[in-house]
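Numbering (my numbering), first residue to last: 4 to 226.
Each residue gets a CB set at the ideal place from its N, CA and C atoms; glycine is no exception.
Please read the structure below before turning to the comments.
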């Protein structure tokens with residue numbers, strides 16, 4: 004009943020009063036389709052032209068907003084030298100003070116030093132080898148004390164396991180840990196059949212500092 008009332012036409016007199024013109028069926032369908040088409044918003048395609056025409060684009064550098072919670076986090080501080088000494092970080096445990104445990108380290112050092120010295124054969128320039136040696140890392144090298152102001156150090160031989168600013172720590176074949184001062188000592192190293200002597204006085208610095216330092220060539224060094 005209600006559908007029939009909706010589809011009935013307006014009386015002509017009422018249409019003139021309301022200003023509504025009664026349309027034919029074809030015109031009514033065309034009007035309805037146009038009305039529905041204009042009422043439904045179709046999503047615009049995300050192409051550059053539509054983005055530039057409908058939205059402002061920032062061409063300058065935009066900083067990334069960082070989370071405030073991350074700023075509040077403090078960086079973890081490492082241990083200082085005093086704390087490391089108190090915790091005995093640099094001390095080798097007695098059960099690990101064995102010569103055979105450091106033989107693989109020595110083999111790695113041999114490969115490293117031969118590669119650093121460009122082969123290190125009998126045709127190599129001695130001065131070139133000496134310059135490379137004083138800047139090299141000695142951890143794993145077999146060193147011997149050939150001269151020293153303290154006679155008790157002369158003849159000591161072992162694998163260098165730790166290097167500090169003023170001393171070397173070596174493990175002997177008798178599985179003993181020895182501390183040898185660099186000052187007033189001359190050390191001997193064998194590289195691929197070549198024997199080289201190194202004075203300890205110029206080595207009184209950390210290995211990281213020694214690798215970038217320029218050493219002056221001296222003919223003799225007094226102990």
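*Determine the contact status of residue 191 and residue 183, defining contact as a CB-CB distance below 9 Å.*
The sequence position of residue 191 within the chain shown is 188, counting from 1. The sequence position of residue 183 within the chain shown is 180, counting from 1. Contact: no.
_Going by C-alpha to C-alpha distance, which of 97, 194, 163, 37 sits closest to residue 133?_
On the chain shown, position 130 is the one that residue 133 refers to. Nearest of 97, 194, 163, 37 to residue 133, Cα basis: 194.
*Quick one: is residue 188 buried, meaning 16 or more other Cβ sit within 10 Å of its Cβ, or exposed?*
In the chain shown, counting from the first residue as 1, residue 188 sits at position 185. Flag for residue 188 reads buried.
*For the beta strand (DSSP E) that contains residue 92, what are its first and last residues?*
Indexing the chain shown from 1 puts residue 92 at position 89. Note, residue 92: premise wrong, no beta strand (DSSP E); not H, not E.
*DSSP three-state call for residue 100: helix, strand or coil?*
What you label residue 100 is simply residue 97 of the chain shown in a count that begins at 1. If DSSP states are grouped into helix, strand and coil, residue 100 belongs with coil.
*So residue 142 and residue 110 are in contact, right, with Cβ under 8 Å, and what is the actual spacing, rounded?*
Counting from 1 along the chain shown, the entry for residue 142 is found at position 139. Counting from 1 along the chain shown, the entry for residue 110 is found at position 107. Not a contact, Cβ separation roughly 13 Å.
*Please name the residue in 177, 178, 173, 179 whose C-alpha comes closest to that of residue 185.*
Along the chain shown, one-based indexing puts residue 185 at 182. Closest by alpha carbon: 173.
_Beta-carbon proximity list for residue 100, same chain, < 7 Å, skipping 5 on both sides_ = As a first step, residue 100 must be located in the chain shown, where it is residue number 97. Taken in chain order, the residues that qualify are 174, 178, 180.
*For residue 159, I'd like the list of residues in its chain whose CB is within less than 6 Å of its CB, leaving aside the five on either flank, ordered along the chain.*
By one-based count along the chain shown, residue 159 stands at place 156. Closer than 6 Å at Cβ, skipping near neighbours: 148, 181.
*asked:* Taking the alpha carbon of residue 108 as the reference point, which residue from 87, 161, 131, 89 has its own alpha carbon closest?
replied: As a working note, residue 108 is residue 105 in the chain shown. Residue 108 has its Cα closest to that of 161, out of 87, 161, 131, 89.
*asked:* Looking at the secondary structure, which residues open and close the beta strand (DSSP E) in which residue 202 lies?
replied: Looking up residue 202 in the chain shown gives position 199. That run of the beta strand (DSSP E) goes 197-202.
_Reduced DSSP secondary structure (H/G/I, E/B, other) of residue 157_ = Position 154 of the chain shown, counted from the first residue, corresponds to residue 157. Correct three-state label for residue 157: coil.
*If we count the other Cβ atoms within 10 Å of its Cβ and call it buried at 16 or more, is residue 125 buried or exposed?*
In the chain shown, counting from the first residue as 1, residue 125 sits at position 122. So residue 125 ends up on the exposed side.
*With 16 other CB atoms within 10 Å as the buried threshold, where does residue 163 fall?*
Here residue 163 corresponds to residue number 160 of the chain shown, with the count starting at 1. Looking at its Cβ environment, which holds 16 or more other Cβ atoms inside 10 Å, residue 163 is buried.
*Closest to residue 145 by CA distance: which of 36, 38, 106 is it?*
Against the chain shown, residue 145 aligns to sequence position 142. The option with the nearest alpha carbon to residue 145 is 106.
*Apart from the five residues on each side of it in sequence, which residues of its chain come closer than 6 Å, Cβ to Cβ, to residue 117?*
Counted from its first residue, the chain shown places residue 117 at position 114. Here the set comprises 123, 195.
_Per-residue DSSP class, three states only, for residue 227_ = Residue 227 falls outside the range modelled here, since the chain spans only 4 to 226, and no answer is possible.
*In whole angstroms, what is the alpha-carbon distance linking residue 169 and residue 66?*
Counting from one through the chain shown, the residue named residue 169 turns up at place 166. Counting from one through the chain shown, the residue named residue 66 turns up at place 63. The alpha-carbon atoms of residue 169 and residue 66 are separated by roughly 49 Å.
*In chain order, what residues of the same chain lie with their CB nearer than 7 Å to the CB of residue 139, ignoring the 5 residues before and after it?*
Numbered from 1 along the chain shown, position 136 holds the residue referred to as residue 139. Hits under 7 Å: 116, 119.
*Can you give me the Cβ contacts of residue 42 inside the same chain, cut-off strictly under 7 Å, excluding the 5 residues immediately before and after it?*
In the chain shown, the residue the question calls residue 42 occupies position 39. Contacts found: none.
_Outcome for residue 82 when other beta-carbon atoms lying within 10 angstroms are tallied against a minimum of 16_ = For the purposes of this step, residue 82 is taken as residue 79 along the chain shown, with counting starting at 1. Per the 10 Å Cβ criterion, exposed.
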